[in-house]
Amino acid sequence: MRGLLACATLARRAAAASSTGGASTAARRHLAGAAEAAEAELKKTALYDFHVAHGGKMVPFAGWSMPIQYKDTIMDSTLNCRAHGSLFDVSHMCGLSLQGSQAIPFLESLVVADVAALKDGTGSLTVFTNDKGGAIDDSVVKWHVHDERSLLALQGPLAAPTLQLLTKEDLSKMYFSDFKMIDINGSACFLTRTGYTGEDGFEISVPSENAVDLAKALLEKSEGKVRLTGLGARDSLRLEAGLCLYGNDMEQHITPVEAGLSWAIGKRRKAEGGFLGAEVILKQLKEGPKIRRVGIFSQGPPPRSHSEIVSGTGENIGEVTSGGFSPCLKKNIAMGYVKNGLHKAGTEFKVVVRGKQYDAVVTKMPFVPTKYYKAP
């Protein structure tokens, strides 16, 4: 039986930062609170021992023990992903399978995507909304049947050529957001051409008993160019790609329209509604929202989550939601929300960091061009 799978974000999409990197402080705050959890209470992925053996620095993260980084600095890991490739363990991301004749109408009452229009082998980013139109979480919805599995994210320019060495499937015929069940390294894997870095890449759902062998094979086939990478660099990468982090750039009081995710609302859903918060969201689509998510370049110290955005006269006009130093651009980047009308590229204002104001300007996103492998 076919099933609908809402996956990848019901466990918060977040990544941690350290002083060696330049990632945002989004997950650093999360980790600071989580650090009090007893190690014995943390869940471990099937690759836990593999991470430790390869020098992974394990930290508490959303109830799991996960690697924030390995021997490389977060900055070096970020740059290596852009130049060559990275392998992430993202097995902590949840997946919920829905089956039955009412699966589609049930899910469509909760998300903004046109789930009924999904074809076999395709997926869609969507948003779970509340009755006020706010975002409860983002998720990827697709057709899938799954069992006890781990999830590996292979990202970067060498992702496809490396993976191609382990499968007979012609990966050149798989495009961004496509997915299928294929044999990889002797295991039946669920492969999706997607990721959270802005690079071309894949998320590989593999039986947990085969996860370590697959990780080893991917690293070996790349001849050391693809490296194990932790959550710290993952956060830098997603910020450079202008991708939202739930809990920072998306919250229950932020709608998909305000977050710049109107494209994730299915065309039919825009016409018919029928999901939680539809009245609020459809009104914003017609009249425009009061605030908008923007990309920001700034001077001075890197702005962080909750840094105030003010006009030249000192008036509060918004707030930074994610920020840090970009390893690729060698400058400060941030995302935040400003009043509608102040969201256009080139708009100048100030960001407040540790009580001092610094020059900032709105810029288009992504900060680093994405390299998704799309159909011609």
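Counted the way mature numbering (1 follows the signal peptide of the UniProt record, and there is no 0) counts, the sequence shown spans residues -16 to -1, 1 to 360. All C-beta atoms in this analysis are idealised placements derived from N, C-alpha and C, irrespective of residue type, glycine included.
With burial defined as no fewer than 16 other Cβ atoms inside 10 Å of the residue's Cβ, what is the status of R338: buried or exposed? Your numbering for residue 338 matches position 354 in the sequence shown. R338 comes out exposed.
Backbone CA spacing between K28 and G302 [nearest angstrom]: On the sequence shown, residue 28 is found 44 positions in, with the first residue counted as 1. On the sequence shown, residue 302 is found 318 positions in, with the first residue counted as 1. So the two alpha carbons sit approximately 39 Å from each other.
Residues of its chain near A101, where Cβ-Cβ distance is below 6 Å and the 5 sequence neighbours each way are ignored: Along the sequence shown, one-based indexing puts residue 101 at 117. Contacts found: none.
Under a three-way DSSP split, which group does T9 fall into? Counting from one through the sequence shown, the residue named residue 9 turns up at place 25. Its pLDDT being 47, under 50, T9 is placed unreliably in this model, and the value from its coordinates should be taken loosely. T9: coil per DSSP, three-state reduction.
I'd like to check one pair, Y342 with S282: are the Cβ atoms closer than 7 Å? By one-based count along the sequence shown, residue 282 stands at place 298. By one-based count along the sequence shown, residue 342 stands at place 358. Less than 7 Å separates the beta-carbon of S282 from that of Y342.
If contact is defined by three or more beta carbon pairs under 8 Å, each pair taking one atom from either stretch, is the region 328 to 335 in contact with the region 146 to 156? In short, these stretches do not touch, since the Cβ pair count stays below three.
Mapping DSSP to helix, strand and coil, what is P145? Position 161 of the sequence shown, counted from the first residue, corresponds to residue 145. DSSP places P145 within a helical segment (H, G or I) once states are collapsed to three.
Alpha-carbon to alpha-carbon, Q53 and L215: Numbered from its first residue, the sequence shown carries residue 215 at position 231. Numbered from its first residue, the sequence shown carries residue 53 at position 69. About 7 Å.
Go through its chain and collect everything with a Cβ distance to R252's Cβ below 6 Å, but skip five positions before and after it. Against the sequence shown, residue 252 aligns to sequence position 268. So the qualifying residues of the chain are D98.
Classify N300 as buried or exposed, calling it buried when 16 or more other Cβ atoms lie within 10 Å of its own Cβ. Translated into the one-based positions of the sequence shown, residue 300 becomes position 316. When all chains shown are included, N300 counts as exposed.
Hey, how far is the Cα of K274 from the Cα of M42? Mapped onto the sequence shown, residue 274 falls at position 290. Mapped onto the sequence shown, residue 42 falls at position 58. Note on geometry: alpha-carbon atoms of K274 and M42 lie some 41 Å from one another.
Within 10 angstroms of its Cβ, does Q83 collect 16 or more other Cβ (buried), or is it exposed? Residue numbering aside, residue 83 sits at position 99 when the sequence shown is read from its first letter. It is exposed - the Cβ of Q83 has fewer than 16 other Cβ atoms within 10 Å.
Is it a yes or a no for the region 57 to 67 touching the region 200 to 217, going by three-plus beta-carbon pairs under 8 Å? With a cut-off of 8 Å on Cβ pairs, the region 57 to 67 is in contact with the region 200 to 217, counting three or more such pairs.
Buried or exposed for T213, going by 16 or more other Cβ atoms inside 10 Å? Residue mapping note: residue 213 aligns to position 229 of the sequence shown, counting from 1. Flag for T213 reads buried.
Less than 7 Å between the C-beta atoms of A137 and F34, yes or no? As a position in the sequence shown, residue 137 is number 153, starting the count at 1. As a position in the sequence shown, residue 34 is number 50, starting the count at 1. For A137 and F34, no; Cβs fall outside 7 Å.
So what does Y342 bridge to, in DSSP terms? Counted from its first residue, the sequence shown places residue 342 at position 358. In the DSSP output, where bridge partners are listed per residue, Y342 has V335.
Work out the CA separation of E204 and P360 for me, nearest whole Å. Numbered from 1 along the sequence shown, position 376 holds the residue referred to as residue 360. Numbered from 1 along the sequence shown, position 220 holds the residue referred to as residue 204. Pairing P360 with E204, the inter-Cα distance amounts to about 31 Å.
Candidates V346, L202, L245, L326: which alpha carbon is nearest T146's? Working through the sequence shown from its first residue, we reach residue 146 at position 162. Answer by Cα proximity: L202.
Alpha-carbon to alpha-carbon, L313 and E224: Counting from 1 along the sequence shown, the entry for residue 224 is found at position 240. Counting from 1 along the sequence shown, the entry for residue 313 is found at position 329. The alpha-carbon atoms of E224 and L313 are separated by roughly 9 Å.
8 Å contact criterion, which T181 and L221 should meet: CB distance rounded: Translated into positions along the sequence shown, residue 181 becomes position 197. Translated into positions along the sequence shown, residue 221 becomes position 237. Indeed they touch by this definition, with Cβ atoms about 4 Å apart.
Taking the continuous beta strand (DSSP E) assigned at E292, which residues delimit it? Here residue 292 refers to the residue found at position 308 of the sequence shown. Run containing E292: 292 to 294, per the beta strand (DSSP E) assignment.
Using DSSP's beta-bridge definition, name the partner residues of K314. Residue 314 sits at position 330 when you count from the first residue of the sequence shown. In the DSSP assignment, K314 is bridged to no other residue.
Classify T113 as buried or exposed, calling it buried when 16 or more other Cβ atoms lie within 10 Å of its own Cβ. Here the question's residue 113 lines up with position 129 in the sequence shown. In the assembly as shown, T113 is a buried residue. Its beta-carbon has 16 or more other beta-carbons within 10 Å.
Buried versus exposed, by CB contacts within 10 Å (16 or more), A344: Here residue 344 corresponds to residue number 360 of the sequence shown, with the count starting at 1. A344 should be labelled buried.
With H, G and I counted as helix, E and B as strand and the rest as coil, what does DSSP make of R252? On the sequence shown, position 268 is the one that residue 252 refers to. In the structure shown, R252 sits in a helix (DSSP, three-state: H, G or I).
Beta-carbon spacing of C96, V111 below 7 Å: Sequence index remark: in the sequence shown, residue 96 carries index 112 (1-based). Sequence index remark: in the sequence shown, residue 111 carries index 127 (1-based). A small correction: the amino acid at residue 96 is Val; Cys does not occupy that position in the sequence shown. V96 is a Cβ neighbour of V111, given a cutoff of 7 Å.
Nearest-angstrom beta carbon gap, A30 and S192 [assumed within contact, 8 Å]: Residue 192 sits at position 208 when you count from the first residue of the sequence shown. Residue 30 sits at position 46 when you count from the first residue of the sequence shown. Confirmed, about 4 Å.
State the DSSP-derived secondary structure class of V129, mapped to helix, strand or coil. As a first step, residue 129 is located in the sequence shown; it is residue number 145 there, counting from the start. Unreliable positioning characterises V129 in this predicted model, as indicated by a pLDDT of 46, which lies under 50. The coordinate reading is nonetheless provided below. The DSSP-derived three-state label of V129 is coil.
Helix, strand or coil at P89 [DSSP, three-state]: Translated into the one-based positions of the sequence shown, residue 89 becomes position 105. For P89, the secondary structure class from DSSP, reduced to helix, strand or coil, is helix.
Per DSSP, N300 is paired with what? Indexing the sequence shown from 1 puts residue 300 at position 316. V294.
Any idea what DSSP makes of D98, helix, strand or coil? As a first step, residue 98 is located in the sequence shown; it is residue number 114 there, counting from the start. If DSSP states are grouped into helix, strand and coil, D98 belongs with coil.
Rounded separation between L135 and E187 - CA only: Numbered from its first residue, the sequence shown carries residue 135 at position 151. Numbered from its first residue, the sequence shown carries residue 187 at position 203. A direct Cα-Cα distance of roughly 7 Å separates L135 from E187.
Beta strand (DSSP E) segment containing G164, residue limits: Indexing the sequence shown from 1 puts residue 164 at position 180. Note that residue 164 is Lys in the sequence shown here, rather than Gly. Note, K164: beta strand (DSSP E), 163 to 168.
Just verifying my parser: in three-state terms, what is the DSSP assignment at L82? Counting from 1 along the sequence shown, the entry for residue 82 is found at position 98. Strand at L82.
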